[in-house]
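Numbering (my numbering), first residue to last: 14 to 170. Note that beta-carbon positions come from the ideal geometry of N, C-alpha and C, so glycine has one too. What you are looking at is a predicted structure, and each value in this text was computed from that prediction instead of being measured.
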Amino acid sequence: ETLPHVINHCMRYSDLMTRRHDAVVSRVRKAAEGKFTIITENEAVQGHLRPVLIIAKDNKAMIIDITIPFENRMEAIKEARTRKIEKYQDLARALSGRVEDVKVDAIVLGSLGSWDPENDKVMKTMSSRKYMNLFKKLCVSDVIRYSRYIYVEHITG
14 ETLPHVINHC MRYSDLMTRR HDAVVSRVRK AAEGKFTIIT ENEAVQGHLR
64 PVLIIAKDNK AMIIDITIPF ENRMEAIKEA RTRKIEKYQD LARALSGRVE
114 DVKVDAIVLG SLGSWDPEND KVMKTMSSRK YMNLFKKLCV SDVIRYSRYI
164 YVEHITG
């Protein structure tokens, strides 16, 4: 079995993968709570769509999803972001009748701890630069910790 399969796809470790994802979700929610109203969190909207967060402030909304792909190369990170943004465009159009501006974005971390620099743009809207640096370290540490748990569980059985 390959490392990408074990860390990101093996259903045997789906609980740990979910916990890894939820650790990042929790950090993003905490960052958003200070400046935004949380409209939905991990709730099905418009059928099968389930963004991590829909947040709002001053007649503007942001749809945020989180993904943790295996980072074979930086292109994998970029592709993951693009897929998440495209996935929620119809939802953004549906919401645009209710608020002045709707933005769709993603927080993307590689399962081995890569931080997508594009995340900084998303986080600037939610937090100070000082907190953003701490946030980045905390999220990367969470992802590495859970990926390590998955790998150790795989090796030790």
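- Annotation: the continuous alpha helix (DSSP H) that includes residue 136 extends over 132–137.
- 63 is the residue among 101, 63, 145 whose C-alpha sits nearest the C-alpha of residue 55.
- Taking the C-beta atoms as reference points, residue 21 is found nearer than 8 angstroms to residue 83.
- Annotation: the continuous beta strand (DSSP E) that includes residue 69 extends over 66–70.
- DSSP places residue 50 within a strand segment (E or B) once states are collapsed to three.
- When DSSP states are grouped into helix, strand and coil, residue 155 belongs to the helix group.
- Across the set 67, 86, 85, 116, the C-alpha of 116 shows the shortest separation from the C-alpha of residue 99.
- Spatial neighbours of residue 29 in its own chain (CB-CB distance under 8 angstroms, excluding positions within 5 residues in sequence) are listed in chain order as 159, 162, 163, 166.
- Annotated three-state conformation of residue 115 is strand, per DSSP.
- Look at residue 76 here: in three-state DSSP terms it is strand.
- Taking C-beta separations shorter than 7 angstroms and ignoring five residues to either side along the sequence, the partners of residue 48 in its chain run 70, 139, following chain order.
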